[in-house]
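My numbering runs 1 ahead of the 1-based position in the sequence shown. In this text, a Cβ means the ideal position worked out from N, Cα and C, and glycines have one as well. Predicted model, so just to flag it, every value in this text is computed and none were measured.
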Amino acid sequence: MIFKNFIDKIKIYCIGGNGGNGIIHFKKKNKKIGKPDGGNGGKGGNIIFIGNKNIYNFYNIKNKKFYKSYNGLQGMKNCKNGKNGKDYIINVPLGTKIIYNKKKIKIKKNKKKIKIILGGKGGKGNNFYKSSINPKSIKFSKGKKGKKILVKLILKINNDISILGLPNTGKSTILSLITNSKPKIDNYFFTTLKPNIGIYNNTNDSIYKKNYIIMDMPAIIKNCYKGKGLGNKYLKYIKNNKILLLVINCNNIKNFYKQYFILKNELLKSKIKINNKKIILIFSKYDKIKKKDIIKIKEKINKKFNFCFFSSKDNKKKNIYILKKKINKLL
Ligand SMILES: Nc1nc2c(ncn2[C@@H]2O[C@H](COP(=O)(O)OP(=O)(O)OP(=O)(O)O)[C@@H](O)[C@H]2O)c(=O)[nH]1
Ligand SMILES: [Mg+2]
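So this is what it looks like as structure tokens:
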């Protein structure tokens, strides 16, 4: 699944740092050459993947194809080893599967580290090679090159919730208020042209399985199943959704049932099975209607419906809390 700003699969090359060379050096004693004291080279750095609960996909990684860690430094005089190369750290979202050399490792927890040893060994200095037979050794070895491997990253995240509704009903506004997403919101039809993705944190917990993708879909209109508007182009993505949030604009209370039936009809005709999905009706923009009309809607709604009222103007954010609670109950 690839949408703008959302990447859940990526291949990168990880390259270890080179080992530093060993050196040839001799102690100087009264201007005479003394014992060998050339140090060993440092090890090359490795690649470390770290689970980071604040990132949600591989968008931060996509700009680079090659990730190389730092080289070890060469040995020094006085038998000192060169500095090891620093490891290169790649932050990945929780739920990332790391696949390389037929190994598969999943990162589930925040700050969890997976180290892939790729750094080359450091070379040896002439101090290492000195012996009773060869006390003035001039032998040294070069550092080994870092290894290069192809790493596949796949994000396994639950793709279970979609927001659907007629144009301009406040779908993207809802997404922006219950997830981290910042979709385009405007007062005209079809502001949303492609699904917007938001990550829904069921709780503030960092465990990956409690993160869900919510998709805010382009508006559905009558005869969308025949290809009208934009809606049905993307409806295939909701086939396996568990929960549908159907947004009904209660601006015009007389037609709220009509809105619901258009949505239901279009979904059925687009061959989306809705019987096995849980549905929450969201009556949006309720700030635009009178209190008595809210009561009327409540009376009219069949008790079988799971519904709530929503308004972006609710300063106390009570309706966000209620909607999230309803979603959590169904997950
Ligand atoms: N008064 C009021 N206005 C709202 C509310 N929610 C959204 N709006 C406004 O309604 C307009 C449409 O909002 P969007 O969130 O873009 O609606 P949408 O359903 O995503 O629209 P499309 O993507 O075009 O189908 C914007 O001007 C919003 O600011 C609300 O609860 N109350
Ligand atoms: Mg929209």
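In this structure, the beta-carbon distance from K278 to I244 falls below 8 Å. The DSSP-derived three-state label of S177 is helix.
8 Å or more divides the Cβ of K153 from the Cβ of I90.
Ranked by Cα distance from G73, the options G23, N79, I249, K326 are led by G23.
At least one heavy atom of ligand 1 falls within 7 Å of the beta-carbon of P168. N197: not part of any alpha helix (DSSP H); member of the beta strand (DSSP E) spanning 197-202, first to last residue.
Annotation: the continuous alpha helix (DSSP H) that includes L268 extends over 257-270. In summary, I239 is buried, with 16 or more beta-carbon neighbours lying within 10 Å of its beta-carbon over all protein chains present. Assignment of I281 by DSSP, reduced to helix, strand and coil, places it in the strand class. Pairing Q260 with K223, the inter-Cα distance amounts to about 10 Å. Between K116 and N61, the CB-CB gap reaches or exceeds 8 Å.
Ranked by Cα distance from N250, the first of N307, K172, K317, T192 is K172. Assigned with DSSP and collapsed to three states, L331 falls in helix. Taking 8 Å as the cut-off, the beta carbon of M218 is found no closer than this to the beta carbon of P184. For the segment 137-187, the continuous alpha helix (DSSP H) assignments of 4+ residues that do not extend past its boundaries occur at 172-179, in sequence order. Only residues of its own chain outside the window of five on either side were considered, and among them G17, G18, N19, G20, N72, G73, G86, G120, G121, G147 have a CB closer than 6 Å to the CB of G45, listed in chain order. By the neighbour-count definition (other C-beta atoms within 10 Å, threshold 16), Y322 is an exposed residue. Judged by the Cβ position, N329 fails to qualify as a neighbour of ligand 1 at the 7 Å threshold, every heavy atom of the ligand being at least this far. For Y130, the enclosing alpha helix (DSSP H) covers residues 127-130. Residues of the same chain with a CB within less than 7 Å of the CB of P168, apart from the 5 flanking positions on each side, are F190, F191, A220, I222 in chain order. Note on the segment 24-108: whole beta strand (DSSP E) runs with a minimum of 3 residues are 27-30, 33-37, 48-52, 67-69, 89-93, 97-101, 104-108, in chain order. Between I281 and K325, the alpha-carbon positions lie close to 11 Å from each other.
For the options K103, K36, T170, K140, the alpha carbon positioned closest to that of D288 is the one of T170. Between the alpha carbons of I296 and I198 lies a distance of about 33 Å.
The straight-line gap separating the alpha-carbon atoms of K137 and P37 is approximately 6 Å.
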